[in-house]
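This is the structure we're talking about:
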């Protein structure tokens, strides 16, 4: 691991920890009788995954071929969960490869709405975390309304728990 990449690795581990906990809640028996909760959660998890794919392409200097960050075509939740595990594992590996110079490197790209984008590699990783947190958090009122637990979202929770199984996608 490069000297300065630890911070970005932790950010991407937190992103994976939060998302996998949310997937696991939606796939749990508690949610089987709540298809509206699963539908809303799957919609936002799919959106997060689409945005991850778009920004992965930006980080790799590739074209992503997408013209929207949303889709009504949502894969089966277990399939989407595995895609998210793979995507987050890629982001964690990518974060490990950064050093202070590469993290500060600016990338120019085009957003799906056609506007120009200009962010550092580190800013893109931070955006992916905050974007996921935002959308997962907007689901909290629906979970509370249905008396479902809120999946863990805090860095302190991740750091104080044994989260290796979650990070490995084994839970």
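Residue numbers (our numbering): 4 to 174.
Yeah, the Cβ is synthetic: ideal placement off N, Cα and C, and Gly gets one too.
This structure is a prediction, so every number in the text was calculated from the model and none was measured.
By the Cβ rule, the segment 73 to 83 counts as touching the segment 48 to 60, because three or more pairs are nearer than 8 angstroms. Looking only at 133, 146 and 48, the smallest Cα-Cα distance to residue 158 is reached by 133. Here the C-alpha atom of residue 73 lies approximately 31 angstroms from the C-alpha atom of residue 9.
Beta-bridge analysis with DSSP links residue 122 to 110. Non-local C-beta neighbours of residue 105 in its own chain, meaning closer than 7 angstroms and more than five positions away in sequence, comprise 124, ordered along the chain. Of all alpha-carbon atoms in 116, 156, 59 and 153, the one lying nearest the alpha-carbon of residue 130 is that of 59. When the alpha-carbon of residue 13 is set against those of 99, 112 and 24, the nearest one is in 99.
Burial state of residue 48 is buried, judged by a 10 Å Cβ sphere holding 16 or more other Cβ atoms.
By the neighbour-count definition (other C-beta atoms within 10 Å, threshold 16), residue 148 is an exposed residue.
In this structure, the beta-carbon distance from residue 122 to residue 140 does not fall below 9 angstroms. In the three-state DSSP reduction, residue 77 falls in the coil class, being neither helix nor strand. Burial state of residue 142 is buried, judged by a 10 Å Cβ sphere holding 16 or more other Cβ atoms.
In this structure, 111 is the residue among 87, 90, 111 and 25 with its C-alpha nearest to the C-alpha of residue 61. Taking the Cα positions, residue 150 is about 10 angstroms away from residue 33. Exclusion of the five residues before and after residue 67 leaves 56, 57 and 60 as the residues of its chain whose Cβ lies within less than 7 angstroms of its Cβ. Excluding sequence positions up to five before and after residue 69, its CB lies within less than 8 angstroms of the CB of 53, 56, 57 and 115, all in the same chain and listed in chain order.
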